[in-house]
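Q: One structure, pasted below without further comment.
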Amino acid sequence: MNKILLIFFITICFSSYSQDKTEVKDFFWGKSDTFKTAIKIPDKWKNESAVIIYKYEYYDYHNSGTKVVYTSAYRQRIKLQDENSVKEFSEFSFKDKFYTTKGYKYKEGTTFLGVKIVKPNGDEIEVDVDKEAKKIDNQKKIAINGLEIGDVIDYYYYSYEPFTSEVQNFDPVENTLGDVYPIMSRKIKFSIEEDFYVSFNTYHGAPELKEVSSGKKHTKTYELEAHDIEKNEFPRWFYPLAEMPCYKFQVFFARKSGFAIPAYADVFLPKGLVSFRKTVDKNDIYDYYEKKFYAVFDLGETLKFLKGKTFENEEEKIKAVYLFARHQYYTQYIESAVIKEANIFNSYSMYKNPLFFSDERSFIYYFMAFMKEFKIDYNIVLATDRNNGSLDELLIRRNLTPLLRINTPNPLYLEYCNPFSMPGTIDHGLENSKGYIMDYVKNKAIQNVEEVNLPSTTAKDNVTKVLTNVSMDTDMSNLNIKRTSAFFGHFKKDEQNSKLKFFDYVDEDYQKYGTERVIDKVGSKSKREQYNKEFDALKNKLKDIQKDDEKKSLSSEFDFEIEHPTINITNTGRYGDNAPFSYEEEFVIKNNLIKKAGENYIVEIGKMLTNQVEIDKKETDRKNNVYMPFPRAFENEIVFEIPDGYKISGIEKLNKNVQNSTGEFISASILKDNKLIIKTTKKYNNYYEPNANWNKIIAFLEAAYQFTQEKILLKKE
Amino acid sequence: MKILIPLIFTFFLSTTLLFGQKSLDPTAEDIKLAKSLREKYSKDDVAILESKELITFDLNKGDSKVVVKNSVKEVLMNINHRADINKYEFYDSESSIEKIVLKYRNQKNAGFEVKDQFYKDKDLFYNDARVKYMEVDFPVQGYSYTYELEKKYNDVKYFTSLYFNDEFPVIKKEITVVVPDWLNLELKEFNFDGNTISKTKIHDDRNGTTIYTYIMENVNAFYKEKKAPGRTYIYPHVLVIAKSFKNKDKETLLFNSTADLYKWYKSLIDSMKDDTSVLAGKVAELTSSAKTDEEKIKNIYYWVQDNIRYIAFEDGIAGFKPDESNHVFEKRYGDCKGMANLSKQMLKLAGFDARLAWIGTKHILYDYATPSLAVDNHMICTLFYNGKTYYIDGTEKYNSFGEDAERIQNKEVMIEDGDKFIIKKVPASGSELNKEIYNAKLIIDNDKLSGSCSKMYSGESKTEFLNIFNSFENNKKGETLEKYLSGNDKNITASNIKTSDFKNRDLKLFVNFDVDVQNKVSKFDNDIFIDLAYMDEYKNFEFKDRKTDYEFNYKTNYESNVVLEIPQGYKLSKLPENLNVNEEDFSIVISFKHTGKEIVYKKQFVFKKAVVKIGDMAKWNASNKSLKTIYNQQIIFTKS
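Chains as they are written, first to last, in my numbering: chain H, 2 to 718; chain F, 4 to 643.
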């Protein structure tokens, strides 16, 4: 009996699975497939690697009251025209069974993969995925049979994901309409049942999403159709979402309308709780952020820190508190996290009540509490990175970053901490753009929302200053270099991240604020000693890695191997207005940059400027506008000691001067005290340049490149 | 508000173990030892103080297979400040890991989680190898663990070799092989010369076993060097060849001789069920319009090269048995065995005498004098035609019929011949076959060099070029070729590019183009300085601390001839010196000739055996230094 039941059960499962499989196949390749026989591509794309004949994305949000199912499906029909694309599509991998990460129960999802090959004569070969796929750990892999150049491959992924939840935020999607291959036709389709809320819009000439008949009472269906799309090509200094045809969407689910509130939703909810939204304006910002931020944070430690301290003005006080908070609620825990991750001991258990800025919200709460306590006037500003497109195109909630604007005589902006963040400096992506500014009444609710211009920086603020002293060995084969570098403004962050390990900067914080280190909290002396030894061992290992990294970094700067490098950090740049991040380096260049010319020598002195942007032939013909991270300047001074017994020739070539509205490259050289001194400046003036200015940018970039190619002759006297 | 600290820092990635106990500090002696070992092995984090490996044999009477048990016991010590390693062991469908554990110094289990996954290799689409591993941290210098492993091989034929070297240096390695009297087993030693390895052989009458013990001390870690020869050439090792066993006076032959190895291989190919009717149409299509037999062969061989993708499956017996030709044909992919079999069957259908052939590539030291699965790693098709033997390797893209790739040259090949087999050697060819020539005729045009160039490729330089060229997307090929010809140097512009027919793999390949070179002509006072080193071949090819031979992909033979016209109104005042190096394995010729109106700058680099041996590296480095000196000099013209 039991056996019969078991067989019955297996049959049920099997038949339901195979029915699903057939239904899915029919969904893509059934009678209604209008691309069933499409294999021809337009002549203009015959030399492309591959051409997408049809690209289809389908999203279904199903809510039957008891069961919530998210279905996402994807189909591509592609003509493969070379070896490269055949290789690209010759293997697929997928997780046929997976556990959903949505909701609060372990629910199993299913992915179906279907693949068929259409030969140039129209013959179709369908791949038996179940038979051919190999299971490798938790995923399946399949090698595609019979695929050749000239074939069309038509494949789909269909993922069926049930979940149990009262509310669910889906990840946002932001894409250009184009792909790596040109597309003849593409379609995006949504089917939404009640309790799902969709934000969707298209930009920069992409066709609109249109409502079409779903044929069902409680289901709404939307479609976007586009044709004849050239392949994406992203040039240097470019933000695709700022000007290419693109689309953005995000979905939110709330089982009950009472849950469709900003407290649960990570999206801007559609007005009147209809299911669909296209734009976001200041009223939407008001609705969403009305009760998002609170002035609630334990200020005990902060008050202790401030006790007995006086400040010149309010601005100085806030800056001091920011730096204190950066340590107290952030860098204080770095050692602890490292210790835990390196499995030295469970360092987290040493804290009774750890307060940590786990996200930007807790940071805002803290400062709101502080402003409230000290009755300081401030606003919260919401800004979006310039690479997301303009503020008018805002749709995705996560694209907004909250900042604090303190209304001191010179407004002071504060952003969420990291080990190197400074009061008054905000991420360069947020600069020079529009944002929303909100007034908070009684530190808990917003009163109004207005548009505001975010601050900008200039090439005077963001500067890299390098002084390079170059001398030659007596045997005239090596160059000995001593270099000091100082980074200001937005240049600091990347340099600090690449050159500093945590132990290079946490010590100065511990000393400044007198905080107890996590290992010192350990009661047992012997344990403390043991952990200290283990932590020191880890740091020593990381220091060795740091040394190797320095050699690699210098070598890549020059494009050949650098010998005997040393580095000494002179300022971490983490305290004080305008403090640079700076270091000194010494290294040797062997068998490079010096050419023997009879009894004379040619020195490639221009290479001391290190690698410059190289604009190639293809790049000169640019079609897009130019998006720079920030205006910036590079100031270099190269001091070359002329070896005894030689005089120098050819310094006139080292003098360049190209200046225009987009930037400049200027170099000037003089001879003084048997030294050749060259000063160069390279500047990028703006955040953005219209395409018409591209040639102006190229003009000064070419001058800078040409400088690196210039040489001097050392003539034997 | 209490906020838990999330793990947002990734300053240091290592283990994710949730338990911690590390109270077993190393002793002062341990630390002292670790420090001294680190001085010796400065690039290794961990040393194996002692590794004892014991190999015993059992008979599985059920399926008449000799079972191998391999037990390992090791003491691992951290010799760097700290170490984070993966301790791992592979197994597959023919083997199993019965115990894998790490213990503290006090012999308590350290409790590291043992993870078990498929072994993923980018070159293998699927293979049955799996790996068990532990993520292990050594918190301080001198910290140690004991490692214990027990592994079982179901069939002695898959237990092929024993190595002394390991991923980490081994201070003392002991390998004990206990051979029962009922088993006829040969232990064949390789690369023992030059290494101090003690060996003892004792017969244990009571247990009826012979105990072989090998001990080697101060064994380096496996070298992590690119372009190195295969392990079988570099490291001392013992090849285990189980020849036969006796069970109740009945002797069963295993791999007693090469004939037994062939017999097993033959049993696998006999079990194939090729349905060649599927191929017939394609063979007819490829041969019907061919005017000669050679054209027919080429059409089939090149069709396989061009249309069958290499996708490797190593799944149990499928690692040794070729896939049926009809399957490979229909799937349009296969591994070397599948491609060899398809080539064979297609050629047979076309009326040729084509056979399967096993071969160990250049990566493997052994020849067929040794009957072991470790001897070969590749399969090709051998064609007997017109009294000549040809080797057809479908995995070699763009290979011309009659030319053999470096990796199979000079290697023994075992060719099927019914119940017998034929052993032949793939002939070696000279470097001349792979010749690559660069010709340029340049003038000084104001501040630039300008003129016409040509490049010629043949043999393996041609197949290498075509492999790279064809890997690019169609729409990027032109741009890529331009960048390649200009050496990706902004100062060089290659234009007006004309190529020979890239589709014809039987002809030499030519690329002709015009070139402009900026920033290599410097004018100071009355002199013009020419930097002809913009194509500074082999300038950075220098060996630093290398421990193994450097192997090239093929026997490289490169020639460059640059002719530079002397500008009017100038005379030559300085030429760099010439260089002539002629060693057994490599030669360099650099010459500058003043022929009146022109300077002829000739370079030739030949690597006659596709290798720079470790013993020749000092010589190469000295030549390289001279080469750099030449490259760092200028040709000088002075106003006449």
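For every residue, glycine included, the Cβ atom is placed at its ideal position computed from N, Cα and C.
Assign His491(H) to one of three DSSP states: helix, strand, or coil.
A: coil
Q: Is it right to say Phe595(F) is buried, meaning 16 or more other beta carbons lie within 10 angstroms of its own, or is it exposed?
A: buried
Q: What are the residues of the stretch 335–357 of chain F that lie near chain H, defined by any Cβ-Cβ distance shorter than 8 Å?
A: Of all residues in the stretch 335–357 of chain F, those with a C-beta nearer than 8 Å to a C-beta of chain H are Arg335 and Tyr336, reading in chain order.
Q: So what does DSSP say about Met477(H), is it helix, strand or coil?
A: coil
Q: Interface residues of chain F around Leu714(H) at Cβ under 7 Å?
A: Residues of chain F passing the Cβ test: Phe527.
Q: Assign Ser65(H) to one of two classes, buried (16 or more other C-beta atoms within 10 Å of its C-beta) or exposed (fewer than that).
A: It counts as exposed.
Q: By the three-class DSSP mapping on this structure, what secondary structure does Pro183(F) have?
A: strand
Q: Determine which residues share a DSSP beta bridge with Arg406(H) and list them.
A: Asn380(H) and Tyr414(H)
Q: Around the Cβ of Ile533(F), are there at least 16 other Cβ atoms within 10 angstroms (buried) or fewer (exposed)?
A: Answer is buried; the Cβ neighbour count reaches 16.
Q: Could you give the DSSP three-state label for Lys305(H): helix, strand or coil?
A: helix
Q: Could you run through the stretch 598–609 of chain H and flag, in chain order, every residue whose CB is less than 8 Å away from some CB of chain F?
A: Legend: CB atoms of the stretch 598–609 of chain H lying less than 8 Å from CB atoms of chain F belong to residues Ala598, Gly599 and Ile603.
Q: If we count Cβ pairs, one from each stretch, closer than 8 Å, do we get three or more for the stretch 368–387 of chain F versus the stretch 328–337 of chain F?
A: Cβ pair count under 8 Å is below three, so no.
Q: For Asp552(F), count neighbouring Cβ atoms within 10 angstroms of its own Cβ and tell me buried if that reaches 16, exposed if not.
A: The residue in question, Asp552(F), is buried, as its Cβ has 16 or more Cβ neighbours within 10 Å.
Q: For Asn592(H), return the contacting residues in chain F, with the cut-off set at a CB-CB distance below 8 Å.
A: Lys631 and Asn635
Q: Mind checking Met4(F): buried by the 16 CB within 10 Å criterion, or exposed?
A: In this predicted model, Met4(F) has a pLDDT of only 33, less than 50, meaning its place in the structure is not dependable; the value taken from the coordinates is given anyway. When all chains shown are included, Met4(F) counts as exposed.
Q: From which residue to which residue does the beta strand (DSSP E) around Phe254(H) run?
A: Residues Cys247 to Ala255.
Q: Does the beta-carbon distance from Asn170(H) to Tyr295(H) come in below 9 Å?
A: no
Q: Would Ala326(H) and Tyr367(H) qualify as a contact pair, given that the criterion is a beta-carbon distance under 9 Å?
A: yes
Q: In whole angstroms, what is the alpha-carbon distance linking Tyr146(F) and Glu336(H)?
A: 22 Å
Q: Give the range of the alpha helix (DSSP H) segment to which Lys712(H) is assigned.
A: Lys712(H) -> no alpha helix (DSSP H), and no H or E assigned at all.
Q: Give me the chain H residues within the contact set of Ile174(F), using Cβ-Cβ distance strictly less than 9 Å, ordered along the chain.
A: Near Ile174(F) there are no residues of chain H at all, since even the closest Cβ is about 21 Å away, more than 9 Å.
Q: Gln144(F) touches chain H at which residues, Cβ-Cβ below 8 Å?
A: Ala538
Q: Hey, which unbroken runs of the alpha helix (DSSP H) at 4 residues or more fall wholly within the stretch 421–494 of chain F?
A: Segments of the alpha helix (DSSP H) lying fully in the stretch 421–494 of chain F: 462–474 and 477–488.
Q: How long is the line joining the alpha carbons of Ile633(F) and Phe610(F), rounded to whole angstroms?
A: Using only the alpha carbons, I get a separation of about 20 Å.
Q: Please report whether the beta-carbon of Glu209(H) lies at a distance below 9 Å from any beta-carbon of chain F.
A: no
Q: Starting from Tyr706(H), find everything on chain F with Cβ-Cβ shorter than 9 Å and list it in chain order.
A: Lys493
Q: Can you confirm whether Ala326(H), when its beta carbon is compared against all beta carbons of chain F, has any partner nearer than 9 Å?
A: no
Q: Which of helix, strand or coil does DSSP assign to Trp361(F)?
A: strand
Q: Taking all protein chains shown into account, do 16 or more other C-beta atoms lie within 10 angstroms of the C-beta of Asp273(F), making it buried, or fewer, making it exposed?
A: Taking a 10 Å sphere around the C-beta of Asp273(F), we find fewer than 16 other C-beta atoms and assign the residue as exposed.
Q: Are at least three pairs of beta-carbons, each pair with one atom in the stretch 126–143 of chain F and one in the stretch 211–220 of chain F, less than 8 Å apart?
A: no
Q: What's the call for Pro734(H), buried or exposed, on a 16-neighbour Cβ count within 10 Å?
A: The structure shown has nothing for residue 734(H), since chain H only spans 2 to 718.
Q: Shortest alpha-carbon distance to Lys353(H) belongs to which of Ser166(H), Val523(H) and Gln547(H)?
A: The candidate whose alpha carbon is nearest that of Lys353(H) is Val523(H).
Q: Let me check understanding here. Comparing Cα to Cα, which of Ala134(H), Asn388(H) and Asp196(H) lies closest to Met629(H)?
A: Asn388(H)
Q: Could you give the DSSP three-state label for Val297(H): helix, strand or coil?
A: coil
Q: If Ile586(H) and Ile570(H) are in contact, beta carbons under 8 Å, what's the gap, nearest whole angstrom?
A: In the sequence as displayed, the identity of residue 586(H) is Glu instead of Ile. Wrong, their Cβ atoms sit about 10 Å apart, outside the cutoff.
Q: Can you list, in chain order, the residues of its chain with a C-beta nearer than 6 Å to that of Thr681(H)? Leave out the 5 residues immediately preceding and following it.
A: Asn637 and Ser668
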